[in-house]
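Worksheet: the structure to be examined is printed underneath.
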Amino acid sequence: MTTATTNEDWIQEIANLGKGSNLLGSAKNSYSEMKVSETNNYEMSMQTNQLLPDGSQQSFQASNVQIPGISQLLPSLYLCGASVISDKALEDLAISFVINIAPELPDTPLPHSNSDRHVLYLRINAFDLPNSNLSVHFDEVTDMIETVRQSGGRTLVHCVAGVSRSTTFCLAYLIKYAGMNLREAFFHTKAIRPQIRPNLGFFQQLRAYEQHLHGAVSVNMVYYECTQCKIPDVYETEYRAMEDFYQKQRKFKRLHKY
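Numbering follows UniProt numbering, with no gaps: position 250 of the sequence shown is 250.
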């Protein structure tokens, strides 16, 4: 029998991040079996039989409940970091599907098994590295989010900070099902959650996904000397000051070389 993740366990694990905690992913929710498959070395595990009951007409209206740190991108889609999650927050927001993309963390604390609401839980163990291949899961995950929406449910996607990995999956959903291109999806999400910043590898995967879905890309990659690499043009504003400083430093060094 596995050990359920409590709110206290969760808070302690958040506090341990960056302190060398080796208790990664050790806790499991006890009230549902897990199915695990390996795909390109990235583990996906799902709790089964937790979606809304077949034939359920249960429907949730857009909630007036607002929880600091949890960003509502659509009536049925939420994005956040791990530190703001609790079983009460999930209950208050009427969340029916939780996606956790953080092998640094144990399983997300879900509402108790005796709750009136069943919660579907998906874990994707991929690190926030440019070479982590999230795109192999784009279709499966976005289809699941859409299925939950059509059933009247709500999805919450999180990683550690709600900045890179979880944002990447939300953007993939928006460009597949919300009628947005990648540029529109990015600025829509950034207007609601300003700190978002998928890493460069994830952005390239999103561009490829947009090309696959729509036959065109809306975000260009531009080269910046200060980074010695190409960046998405939607990041240009934040990099421009860095590039200006870099060029001034180069000029100063040339003038004072001799």
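From the three backbone atoms N, C-alpha and C, an ideal C-beta is built for every residue, glycine too.
Only a predicted model underlies this, so the values are computations on that prediction, with no experimental measurement involved.
For residue i, which residues in the same chain have their Cβ closer than 6 Å to its Cβ, ignoring the five residues on either side in sequence?
i, result
"residue 91", "111"
"residue 190", "196"
"residue 69", "80 and 84"
Can you find the residues in the same chain that come closer than 8 Å, C-beta to C-beta, to residue i, ignoring five residues on each side of it along the sequence?
i, result
"residue 239", "224, 226, 227 and 231"
"residue 201", "129, 130, 131 and 132"
"residue 24", "Here the model assigns residue 24 a pLDDT of 25, short of 50, so the residue's position is not dependable, and the following value carries that caveat. Once the five neighbours on either side are set aside, the close Cβ partners of residue 24 are 103, 104, 105 and 106."
"residue 229", "200 and 223"
"residue 187", "234"
Determine the closest residue to residue i out of the options, with distance taken between C-alpha atoms.
i, options, result
"residue 73", "194, 222, 211 and 210", "194"
"residue 123", "105, 131 and 130", "105"
"residue 130", "136, 96, 187 and 203", "203"
"residue 96", "102, 103 and 88", "88"
"residue 119", "100, 135, 125 and 127", "100"
"residue 83", "150, 136 and 108", "108"
"residue 81", "94, 64 and 166", "166"
"residue 152", "75, 69, 67 and 241", "75"
"residue 149", "127, 98, 86 and 125", "98"
"residue 144", "127, 169, 67 and 125", "169"
"residue 216", "180, 67, 125 and 126", "180"
Report yes if the CB atom of residue i is closer than 7 Å to the CB atom of residue j, and no otherwise.
i, j, result
"residue 207", "residue 219", "yes"
"residue 142", "residue 77", "no"
"residue 192", "residue 71", "yes"
"residue 199", "residue 164", "yes"
"residue 162", "residue 213", "no"
"residue 121", "residue 146", "no"
"residue 102", "residue 160", "yes"
"residue 136", "residue 93", "no"
For residue i, which residues in the same chain have their Cβ closer than 7 Å to its Cβ, ignoring the five residues on either side in sequence?
i, result
"residue 172", "138, 142, 206 and 209"
"residue 236", "222"
"residue 183", "218, 219 and 234"
What is the DSSP secondary structure of residue i, reduced to helix, strand or coil?
i, result
"residue 38", "With a pLDDT of only 33 at residue 38, under the threshold of 50, the placement of this residue in the model should not be trusted, and no figure is reported."
"residue 72", "strand"
"residue 231", "strand"
"residue 108", "coil"
"residue 137", "helix"
"residue 118", "coil"
"residue 165", "helix"
"residue 180", "coil"
"residue 98", "strand"
"residue 67", "coil"
"residue 129", "coil"
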